[in-house]
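S.K.:
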Amino acid sequence: MDYRMTAIGTLGVFTSAIMGYFFASFTLVNDYRALTVACILALVYLALVTLRMLVVEKPWHCGALIVLDLGLFSVSFNEHFSPWLVIGVMIAGIWLFAAWRKGRYEVDNMVKIRLRELGNGFIRPSLHALLFLLIASYVSLVNPQTIGIPRTLVAESVRNVMAGVGQKFIGKMTNGPQTPETSAGLEERAVAVIYAGLDRVISAVPEEARVGLLVGIGIVVFLLVNTMTGFVIPPIVFFLWMIVGLLLRINFITIRTEKVDKEIVSV
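For the sequence shown, the residue numbers in numbering that gives the first Met the number 0 are 0 to 266.
If you want it as structure tokens, here you go:
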């Protein structure tokens, strides 16, 4: 195997491993800074995987790299392995391989390589596969018997809403001037009421139905996040364009032209 091909594949695998480390930090200790880093690395990984798709032509080579990607991603969850995580990783792997096949089909039918046209053909399904992997990994760590809404999440949501509403509007609702102490008290009461209401709703769900509830929540989150994938495809394409331009400039990769025969229907 050419060393340049090995370097491109290794860089993607290495990025996947680091992304898994930071995402595991978020899922295990609710470190939202780690989540931000993981999201940035996910975009970098998608750009590198797209570059890899452009140069990897053999299915076995692609399959081996995907296994390495997902294997090293999962290493950070080694103490929290579950059947759900294994199933999620397998589905994501099949999804990524299907995206590779579709991407190779589109590249093979391009007269000129156009990175923008890979947005819907390869990057979008790869992004969906990665989103599924991240959501499935997070959901797999939740015990259905103790499923619940973190109070910190409720508090953060209430804090953001109150910051957006504004002190003047809150003052009109409470018919009095707002001080930091009264605002904090109002915020705490809102968190307590909302958290108690959500906890009662979840407690009313029978234990045998909580696995289905957990899967349903994961599907809803996946569908909601999927509606925003169109906004992140252009940055991925731009980053990919910069990588390809740099590699072409240093002669690490080249673009060659080939003559092909074209079929036409004549009468």
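Even for Gly, the Cβ is constructed at its ideal location relative to N, Cα and C.
1. When the Cα atoms are used, what is the spatial distance from D1 to S139?
2. L45 and L129: beta carbons closer than 9 Å?
3. Starting from V48, trace the alpha helix (DSSP H) in both directions and tell me its first and last residue.
4. Does the Cβ-Cβ distance between M52 and W99 come in under 9 Å?
5. Using a Cβ-Cβ cutoff of less than 7 Å, which residues in the same chain neighbour F96 once the five nearest sequence positions on both sides are dropped?
6. Where do the N-terminal and C-terminal ends of the alpha helix (DSSP H) with E105 fall, by residue?
7. Among residues of its own chain, excluding the 5 on either side of A154, which ones have a beta-carbon nearer than 6 Å to its beta-carbon?
8. Thinking F238 and L133 are a contact (beta carbons under 8 Å), I'd like their distance in whole angstroms, please.
9. Quick one: Cα of M241 to Cα of V85, how far?
10. I need the straight-line Cα distance from I235 to I193, nearest angstrom please.
11. Roughly how many whole angstroms lie between the Cα atoms of L40 and T14?
12. So the candidates are L247, E187 and Y137; which of them puts its Cα closest to the Cα of A37?
13. For A195, count the other beta carbons within 10 Å of its own beta carbon; 16 or more makes it buried, fewer makes it exposed. Which is it?
14. To the nearest angstrom, how far is it from the Cα of I122 to the Cα of I232?
15. Around the C-beta of I263, are 16 or more other C-beta atoms found within 10 angstroms, so that it is buried, or is it exposed?
16. Can you tell me which of V74, V12, Y104 and L47 puts its alpha carbon nearest to the alpha carbon of L246?
17. From this set, I90, G118, E187 and L67, which residue's C-alpha is nearest K101's C-alpha?
18. Leaving out the 5 sequence neighbours to the left and right, which residues in its chain are closer than 7 Å to M18 when beta-carbon positions are compared?
19. May I have the straight-line CA-CA distance separating E186 from T26, to the nearest angstrom?
20. Assign G229 to buried or exposed, taking buried as 16 or more other Cβ atoms, counted over all protein chains shown, within 10 Å of its Cβ.
21. Over what stretch of residues does the alpha helix (DSSP H) that includes D68 continue unbroken?
22. In angstroms, rounded to a whole number, what distance separates the CA positions of W83 and A135?
M.R.: On the basis of the data shown:
1. Computed Cα separation, rounded: 38 Å.
2. yes
3. Y31 to V54
4. yes
5. C61, G62 and I65
6. P82 to D107
7. Sequence-distant Cβ neighbours of A154 in its own chain, meaning closer than 6 Å and more than five residues away, are V190.
8. That pair is no contact at about 19 Å.
9. 35 Å
10. 38 Å
11. The straight-line gap from Cα to Cα measures roughly 7 Å.
12. Checked all of L247, E187 and Y137; the closest Cα to A37 is Y137.
13. A195 should be labelled exposed.
14. 7 Å
15. exposed
16. L47
17. Selected option, being the one with the closest Cα: G118.
18. A37, L40, A41, Y44 and F72
19. 26 Å
20. exposed
21. P58 to V74 is the extent of the alpha helix (DSSP H) around D68.
22. 7 Å
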